[in-house]
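Residues are numbered in the numbering used here as their position in the sequence shown, beginning at 1, plus a constant of 14. Built from N, CA and C at the ideal position, the CB exists for glycine as well. All values reported here derive from a predicted model rather than from experimental measurement.
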Amino acid sequence: MRARHPGGARPQNKGYGDAGASWRKKSLKGFNASSGSPHEDIDFNNYTMRQRARMLYMASPIATSAIRTNRTNVVGVGLRLKSRIDREVLGLSPDQAEKWQKETEREFAIWAGNKRACDATGMNNFYGLQQLAMVTWLMSGDCIGVFKQYATTRLLPYALRVHLIESDRIATPVAFGGIGQSLYFTTGKNPENGNTIFDGVEVDNSGAVVAYHIRSNYPFEVGAPTTEWARVLAYQEHTGLPNVLHIMDSERCDQYRGVSYLAQVIEPLLQLRRYTESELMAAVIESFFTAFIKTTAPTDEMPFNEVEPDRPGEPKGPNEYGMGPGQINVMEPGEDVVFADPKHPTGSFDAFAKAISAQVGAALEIPADLLLKSFNASYSASRAALLEAWKAFKMRREWLADDFCRPVYEVWLSEAVARGRIYAPGFFEDPAIHAAYLGSEWLGPSQGQLDPVKEITAEILACSEGFSTHEQSTIRLNGGQWDANVEQLTRENEKLGGNAPDPHQSGNASDTQEEQTPEEGTEGDPENPDNPHNPETARTRGAEALRSLVIAEAIRQTIRGGQGNETT
């Protein structure tokens, strides 16, 4: 019997049923969207998406730019360790903490800077591994790293090695219902413990990752030996340290495999590539000056078609003609050539390509200006675009540090302490002390400046007013280290005898000598506050002069209505 609505009234569309979920609106009737679990929507389609994303990276300039722009800005020449221990928990003085941090950074550089010391394949140092992990993550959706132990030597004091593995080699074994059953059905069961395996990632009944299944070769690899499978625990049983690094970002709950960075823009990138190739070919053909000769005479007696002899095994067909600069083709009697006139290249190509690139850039969180490396907007617009892009770059840098750099640093420091090369009392006994020693920052390339004068001036004011530290400003401006800068400046000042060259000297030699004659009793006194070469005096005067310039400039900007000096 048919159920009736209370009161006998006919059910009406309500809420989203009359909006995006409506089945009555003509615009939505054909929109039969279907979605399942993350494993159905992602894992079952990952193989196809990886192949397409890699091909676009190799063949589409926009896709290549998107991934390499992230690599260059997120990692650059490498994320460098800056130890940040919690000295209050460890009971260390500022000097003791700074000494421990510098010694640890120096020791870590021994391992990280040598490709034989850190890479299991011996191809990259630690900073090259960061670049490789970043590109693999974006292209394939995730990147897997496995910790290995090698024998130590006199020059290689650490056994730790990192082996990066592409996504294809993490899969569900055939015996457990994996790729042997279907290329797209990737879920299986471990018969030994009943755990579920989602595309090579084994999880327990609570959903926690416990192991990874790694194949010895790639799917359908030509000439590969028989596939062997290895089950690697996610964490060491006795120490709890990670055995496997899994670099990815999640977009859905219960998701264990990553999605390619290009997944949402594969179709527009492919179509834009085809459109670009069509326009390029049309322009090339239009530039040819090709002649076709119509004749009733025997064509085998005319040498025009003999541009070059036929290659062995590649005879030229009787109906085969070519086009090229200045090429002449002799046609058979009765043959004719008709060209379509599609009006190529079109004048709207540039505008259309930029419009599609803007949409692609919006999905990838890269402004079109940066994606195309074409900066033609005003200073304010370019700066706004750069700031927006750097929000995403900083986010991915932190993700890479959390998934790759910090776990590697934890395993390395554990070995360094165990071998006695780093002194860290209580490191293995107390979790709080363990975490205090592991504090770290990973410094990468800076954002750069569109107008260095304005941005450096802003950093000087931020430091003078306490809104920023010298170290933070140095990182933002050029990615450097303020402590190292101070030490270098101190050494340079010592070489100058504490007297910096005076840039305001003018006049002839006699005038200069007369101006530099010190007053009686103060000759060569670097502590004299009137001595212009006194470093403290120079800094004070410089700060006062700069502050006056900033205030004057602010007043001028206010008078002009705050428009500034924008360049277009």
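Could you spell out where the beta strand (DSSP E) holding Gln-163 opens and where it closes?
One-based indexing of the sequence shown puts residue 163 at position 149. 157 to 163 is the span of the beta strand (DSSP E), which, as asked, contains Gln-163.
Decide if Gln-373 is buried, meaning its Cβ has at least 16 other Cβ atoms within 10 Å, or exposed.
Walking along the sequence shown from the start, residue 373 turns up at place 359. It is exposed - the Cβ of Gln-373 has fewer than 16 other Cβ atoms within 10 Å.
Just to confirm before moving on: does the CB-CB distance between Ser-274 and Met-63 stay below 8 Å?
In the sequence shown, residue 274 corresponds to position 260, counting from 1. In the sequence shown, residue 63 corresponds to position 49, counting from 1. Their beta carbons are under 8 Å apart, which means Ser-274 touches Met-63 by this criterion.
8 Å Cβ cutoff met for Ser-396 and Asp-417
For this step, residue 396 is matched to residue 382 along the sequence shown. For this step, residue 417 is matched to residue 403 along the sequence shown. For Ser-396 and Asp-417, no; Cβs fall outside 8 Å.
Using the three-state DSSP reduction, which class does Pro-239 fall into: helix, strand or coil?
As a working note, residue 239 is residue 225 in the sequence shown. Pro-239: coil per DSSP, three-state reduction.
With a Cβ-Cβ cutoff of 8 Å, do Arg-85 and Met-137 count as a contact?
Residue 85 sits at position 71 when you count from the first residue of the sequence shown. Residue 137 sits at position 123 when you count from the first residue of the sequence shown. Not a contact, by the Cβ cut-off of 8 Å.
My understanding is that Ala-438 touches Tyr-451, with C-beta atoms under 8 Å, so please give their C-beta distance in whole angstroms.
Residue 438 sits at position 424 when you count from the first residue of the sequence shown. Residue 451 sits at position 437 when you count from the first residue of the sequence shown. 5 Å between Cβ atoms; contact.
Candidates Arg-66, Arg-175, Cys-157: which alpha carbon is nearest Ala-165's?
By one-based count along the sequence shown, residue 165 stands at place 151. Ranking the options by Cα distance to Ala-165, first place goes to Arg-175.
Straight-line Cα distance separating Ser-264 from Gln-115
As a first step, residue 115 must be located in the sequence shown, where it is residue number 101. As a first step, residue 264 must be located in the sequence shown, where it is residue number 250. So the alpha carbons of these two residues sit roughly 33 Å apart.
If you draw a straight line from the alpha carbon of Gly-159 to that of Asn-139, how long is it in whole angstroms?
As a position in the sequence shown, residue 159 is number 145, starting the count at 1. As a position in the sequence shown, residue 139 is number 125, starting the count at 1. Going from the Cα of Gly-159 to the Cα of Asn-139 covers about 14 Å.
I believe Gln-461 touches Arg-505 by the beta-carbon criterion, under 8 Å. Please report the beta-carbon distance rounded to the nearest angstrom.
The sequence position of residue 461 within the sequence shown is 447, counting from 1. The sequence position of residue 505 within the sequence shown is 491, counting from 1. The pair is not a contact, with the Cβ atoms about 29 Å apart (cut-off 8 Å).
With DSSP as the reference, label Val-273 as helix, strand or coil.
Taking the sequence shown and counting its residues from 1, one reaches residue 273 at position 259. Three-state result, Val-273: coil.
Write down every uninterrupted run of the beta strand (DSSP E) in the region 63 to 134 whose length is 3 residues or greater and which is fully enclosed by it, in chain order.
94 to 97
Kindly indicate the opening and closing residues of the beta strand (DSSP E) around Lys-203.
One-based indexing of the sequence shown puts residue 203 at position 189. Its beta strand (DSSP E) spans residues 201 to 203.
Would you mind sorting Cys-267 into buried or exposed? The rule is 16 or more other CB atoms within 10 Å of its CB.
In the sequence shown, residue 267 corresponds to position 253, counting from 1. Looking at its Cβ environment, which holds fewer than 16 other Cβ atoms inside 10 Å, Cys-267 is exposed.
Select from Ile-76, Ala-398, Ala-430, Arg-168 the residue whose C-alpha is nearest the C-alpha of Arg-130.
In the sequence shown, the residue the question calls residue 130 occupies position 116. Nearest option by C-alpha distance: Arg-168.
Residues that Asp-456 bridges to, as DSSP identifies them
Stepping through the sequence shown from its first residue, residue 456 is reached at position 442. Before going on, a small fix: residue 456 reads as Trp here, not Asp. Trp-456 has Leu-95 as its beta-bridge partners, per DSSP.
Using 8 Å for Cβ pairs, my map puts Arg-229 next to Thr-210. What's the rounded Cβ distance?
As a first step, residue 229 must be located in the sequence shown, where it is residue number 215. As a first step, residue 210 must be located in the sequence shown, where it is residue number 196. The Cβ separation is near 18 Å, so there is no contact.
Using 8 Å as the Cβ pair cut-off and three pairs as the minimum, do the region 375 to 395 and the region 419 to 433 touch?
As far as the Cβ criterion goes, the region 375 to 395 does not touch the region 419 to 433, which means the pair count is below three.
Could you give the residue range of the beta strand (DSSP E) that holds Ile-470?
Position 456 of the sequence shown, counted from the start, is the residue given in the question as residue 470. Looking at the DSSP string, Ile-470 is not in any beta strand (DSSP E); the run it does join, the alpha helix (DSSP H), is 466 to 478.
Count the other CB atoms, across all protein chains shown, that sit within 10 Å of the CB of Thr-581; report buried if there are 16 or more and exposed otherwise.
Residue numbering aside, residue 581 sits at position 567 when the sequence shown is read from its first letter. With a pLDDT of 42 at Thr-581, under the threshold of 50, the predicted position of this residue should be treated as unreliable, and no value is reported.
Member of Glu-300, Trp-456, Thr-201, Gln-163 whose CA lies at the smallest distance from the CA of Tyr-270:
Along the sequence shown, one-based indexing puts residue 270 at 256. Nearest C-alpha to Tyr-270: Thr-201.
Should Ala-403 and Leu-276 be called a contact, given that it needs their Cβ atoms to be closer than 8 Å?
Position 389 of the sequence shown, counted from the first residue, corresponds to residue 403. Position 262 of the sequence shown, counted from the first residue, corresponds to residue 276. No; because the gap between Cβ atoms is not below 8 Å, this pair is not in contact.
Leaving out five residues on either side along the sequence, give the residues of the same chain with a beta carbon under 6 Å from the beta carbon of Ile-280.
In the sequence shown, residue 280 corresponds to position 266, counting from 1. Excluding sequence neighbours, Ile-280 sits near Arg-66.
Endpoints, beta strand (DSSP E) assigned at Val-374:
The residue labelled residue 374 in the question sits at position 360 within the sequence shown. Run containing Val-374: none in the beta strand (DSSP E); it sits in the alpha helix (DSSP H), 363 to 378.
Excluding five sequence neighbours on each side, which residues of the same chain lie with their C-beta closer than 7 Å to the C-beta of Lys-43?
As a working note, residue 43 is residue 29 in the sequence shown. Answer for Lys-43: Trp-37, listed in chain order.
So is Gly-92 buried or exposed if we call it buried at 16+ other beta carbons inside 10 Å?
For the purposes of this step, residue 92 is identified with residue 78 of the sequence shown, where counting begins at 1. Per the 10 Å Cβ criterion, buried.
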